[in-house]
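Reading the sequence shown from the start, the letters are residues 1 to 151 in full-length UniProt numbering.
Note that CB positions come from ideal geometry on N, CA and C, so glycine has one too.
Okay, structure first, notes after.
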Amino acid sequence: MSAFQPADPRFDARVRASFARQAMMATLGATLERVAPGEVDLRLPFRADLTQQHGFLHAGAMTAVADSACGYAALTLMPADAAVLTVEFKVNLLAPGKGESFVARGRVLKAGRTLTTCAGDVFASAGSEERLVLTMLATMMAVRDRAGLAD
């Protein structure tokens with residue numbers, strides 16, 4: 001059970017609708033696996049066209065899914081009239097991106113009225129084994145009353 005209470009009872013549908021509109025995640029082939037108050041998991045299958053020169057999944061692809069997982073985790077707790085934007089993040093690459101698929105788990109650490117601090121981890125999966133390959137600390141901003149921005 002989550003320690004957080006969502007401000008919008010429709011948070012799940014809102015996150016799923018927003019994710020469905022995100023062209024970057026579609027381009028990467030990421031899918032939304034789990035939505036809970038303050039938590040979102042995304043899955044990215046390994047693709048050769050997303051690798052760097054040594055054949056590992058590119059850090060940019062892993063960072064993108066971690067950022068989105070954190071952003072959507074923050075959005076689960078925001079009011080219905082708020083959209084979410086990333087303010088900043090810091091990434092540590094812990095191991096090469098080698099696996100069959102990658103799971104990005106975004107979690108809210110502290111939710112504020114305007115700024116929300118999140119942690120994101122990316123795990124490489126091969127068979128039944130998972131290995132932590134990236135960790136992120138991110139700050140997300142609730143944006144209200146800005147033309148052209150919706151959840």
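key: Inter-residue spacing [alpha-carbon to alpha-carbon] between A69 and R10   = 18 Å
key: Cβ shell of D67 (< 8 Å), same chain only, five flanking positions each side left out   = T86, F89, G120, M136 and A138
ask   = In terms of alpha-carbon separation, which member of A124, R107 and A48 lies closest to A74?
value = R107
key: C-beta contact flag for A57 and G97 at 8 Å   = Rather than Ala, the amino acid found at residue 57 in this sequence is Leu. For L57 and G97, yes; Cβs fall inside 8 Å.
request  = Mind reading off the beta-carbon distance from A111 to G38? Whole number of angstroms is fine, and I expect it under 8 Å.
outcome  = 7 Å
inquiry  = By DSSP's criteria, D49 is part of a beta bridge. Which residues make up the other side?
reply    = DSSP lists no partner for D49.
key: Straight-line Cα distance separating A59 from E130   = 17 Å
request  = Check whether the Cβ atoms of F46 and S101 lie closer than 8 Å to each other.
outcome  = yes
ask   = Can you name, in chain order, every residue of its own chain whose Cβ lies under 7 Å from the Cβ of T51, other than the five neighbours on each side?
value = L57 and H58
Residues near R144 in its chain [Cβ-Cβ closer than 7 Å; skip 5 each side] = D81 and A82
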